[in-house]
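Let me begin by presenting the structure, written as structure tokens, before commenting on it.
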Amino acid sequence: MKNIKKLVSLALAGMVIASFTGCNMITKTKEGIRNSVVAKVNGHKITRGQVDDRLEGVLSSLEKKYGDDYEKLPEVKKYLKSQRMQTLDEMIANVIIEDKGTELKIVPSEEKIKEDMKKERERIKEEANKQVDSLKKLYKDEEDFKKYLKLRNVTEKELREPKGITDDLVRANVINKIVYDNITKNVTVTDKDVKDYYEANKESFQEGENKAHIAHILVKTKEEADKIKKELDEGKDFANIAKEKSLDVATKDKGGDLGWINYKDMKQGMVFMLAAKTMNKGEVSQPIQEKDGWHILKVIDKKIYTPKPFNDVKDNIKKVLISQKKNKLWQDSFSKWKKEAKVKKYESNL
């Protein structure tokens, strides 16, 4: 009796094992993999196939480069996992945004969405064509451009008609914009905000970058630098002393001439550049210590640009500030929606 029970148990165990093996065989078919759920968002399912459809262009390129079994290569496997995770996160975000838009009665009718999707596809096509046309201008002729395409293992048609522009991606673009525009429609900035930004960032509104034409003498010790400064004060020629005594082999033969240096360029050192900014044309500095030794500077010339008048730039500043405020509101709103959403990922299916 015991032996019969043992045989029945083993038989049942075999059936369970066979059952699980059979399931694995099903999920490992191409169709099974495509249908496997990689995430659930507020009850909506996202499948591996939907993720891979968006990555069609990437998958096609990898197949061209490595052949049919590209997914078996460890480096490709790791790269694809990363790409799928990134794409999945984007798709999860799209679902959350559409759900919130529906809840807030922002999302329009399906008819209006389809109409906008058609316009969005036209915009995407136009943008792709512009990019290809701009790219072609970088090459001297059509033959040169074809060499580039061959090197990249891609055709001009593939660039103009990129793969992976799925209906759900186009729909997401349309709905994301509708929800974004609605959530941020009341954002504004005051005249004071605009003026404060101008005053705090005047340098960014200049016609050019402030800079100085500088020569220097570099020595090892302060004692040497003090002695040279005394000689200069007595009327000795800066360029001649640089040729004789400077340790900077790159500039000493040119009389210490460093050329024109942008005030924002800190390669010579912060103290060095702060001194140069405050000096007048023709002035020689006191000895200045930097990491490489002691410097004496001479400002040969300066170019100082004045900022554009406030009235010339205020409209652009306003646009920038409104855009920044809108993006901040959008990020804060989405972060809140994401916390409220019920999201479950199945990363092992990616």
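Read in order, the letters of the sequence shown correspond to residues -21 to -1, 1 to 329 in mature numbering (1 follows the signal peptide of the UniProt record, and there is no 0).
We treat Cβ as the ideally placed atom computed from N, Cα and C, and that holds for glycine.
How many Å lie between residue i and residue j at the Cα?
| i | j | result |
| --- | --- | --- |
| ARG63 | LYS297 | 38 Å |
| VAL166 | ASP160 | 10 Å |
| THR145 | ARG33 | 6 Å |
| ASN21 | LYS97 | 28 Å |
| LYS224 | LYS206 | 11 Å |
| LYS79 | LYS51 | 39 Å |
| GLY46 | VAL55 | 12 Å |
| GLU69 | ASN152 | 11 Å |
| GLU269 | GLU203 | 15 Å |
| ILE157 | ASP48 | 41 Å |
| PRO141 | LYS104 | 9 Å |
| LYS171 | LYS287 | 18 Å |
| LEU163 | LEU308 | The sequence given here places Thr at residue 163; Leu does not occur at that position. Rounded to the nearest angstrom, the two C-alpha atoms are 7 Å apart. |
| TYR118 | LYS126 | 10 Å |
| ALA179 | ASN290 | 16 Å |
| GLU106 | PRO87 | 25 Å |
| LEU114 | GLU82 | 43 Å |
| VAL278 | LYS181 | 24 Å |
| LYS91 | ASP244 | 53 Å |
| GLU101 | ASP147 | 16 Å |
| MET4 | GLU326 | Interpretation of MET4 is limited by its pLDDT of 44, a score under 50 that renders its predicted location unreliable; the figure taken from the coordinates is listed afterwards. In a straight line, the C-alpha of MET4 is about 19 Å away from that of GLU326. |
| LEU38 | HIS274 | 57 Å |
| ASN219 | ALA229 | 15 Å |
| LEU211 | LEU237 | 19 Å |
| GLU89 | LYS246 | 58 Å |
| THR8 | PRO53 | 20 Å |
| THR(-1) | LYS93 | With a pLDDT of 42 at THR(-1), under the threshold of 50, the modelled position of that residue is not reliable, and the figure given next carries that caveat. Taking the straight line from one Cα to the other gives about 44 Å. |
| ASP311 | ASN108 | 35 Å |
| LYS315 | ASP95 | 27 Å |
Spell out the partners DSSP gives residue i in its beta bridges.
| i | result |
| --- | --- |
| PRO286 | GLN185 |
| ILE196 | ILE275 |
| VAL20 | HIS23, VAL322 |
| GLU269 | GLY272 |
| LYS190 | ASN241, LYS282 |
| VAL158 | DSSP, once it has assigned bridges, lists no residue as partnering VAL158. |
| ASP172 | Note: ASP172 sits in no beta bridge, so no partner. |
| VAL228 | According to DSSP, VAL228 bridges with nothing at all. |
| VAL263 | LYS277 |
| ASP236 | ALA194 |
Ordered along the chain, which non-local residues of its own chain (more than five positions away) have a Cβ less than 7 Å from that of residue i?
| i | result |
| --- | --- |
| THR26 | ARG13, ASN14, SER15, VAL16, VAL17 |
| GLU10 | none |
| LYS43 | ASN132 |
| TYR176 | ILE296, LEU300 |
| GLU99 | VAL149, ASN152, VAL153 |
| GLY248 | GLU269, LYS270 |
| ILE85 | ILE157, VAL158, ASN161 |
Which residues in the same chain as residue i place their Cβ atom closer than 8 Å to its Cβ, once the five residues preceding and following it in sequence are excluded?
| i | result |
| --- | --- |
| LEU67 | VAL17, ALA18, ILE25, VAL30, LYS324, LEU329 |
| THR134 | LEU128 |
| LYS321 | LYS19, VAL20, ASN21, GLY22 |
| LYS111 | The sequence shown places Val at residue 111, not Lys. Here the set comprises GLU135, LEU138, ARG139. |
| SER61 | none |
| VAL168 | LYS297, LEU300, ILE301, LYS304 |
| PHE313 | ALA72, ILE75, ILE76 |
| LEU276 | ILE193, ALA194, HIS195, PHE251, ALA254, ALA255, MET258, VAL263, SER264, ILE267 |
| SER40 | ASN132, VAL133 |
| VAL173 | LYS293, ILE296, LYS297, LEU300 |
| GLU122 | none |
| LYS317 | ALA72, ILE75 |
What residues in its chain sit with their C-beta under 6 Å from that of residue i, if we drop five residues either side in the sequence?
| i | result |
| --- | --- |
| ASP227 | LEU197 |
| GLU186 | TYR284 |
| VAL292 | PHE184 |
| LYS221 | Per the sequence presented here, residue 221 reads as Ala, with Lys not at that position. So the qualifying residues of the chain are ILE196, LYS231, GLY234, GLY235. |
| LYS281 | ALA191, LYS260 |
| ASP120 | none |
| GLY214 | none |
| TYR58 | none |
| PHE124 | LYS115, TYR118 |
How close, in whole Å, do the beta carbons of residue i and residue j come, if the pair is a contact with beta carbons under 8 Å?
| i | j | result |
| --- | --- | --- |
| ILE240 | ALA191 | 6 Å |
| GLY272 | LYS199 | 5 Å |
| GLY36 | GLY143 | 5 Å |
| ASN189 | TYR242 | 5 Å |
Task: In chain order, each alpha helix (DSSP H) run of at least 4 residues that lies wholly inside the stretch 23 to 67 - done: 27 to 33, 35 to 45
Task: Runs of beta strand (DSSP E) wholly within the stretch 91 to 142 (minimum 3 residues, chain order) - done: none
TODO: Can you check the stretch 287 to 316 for any alpha helix (DSSP H) of at least 4 residues that lies completely inside it and give the ranges in chain order?
DONE: none
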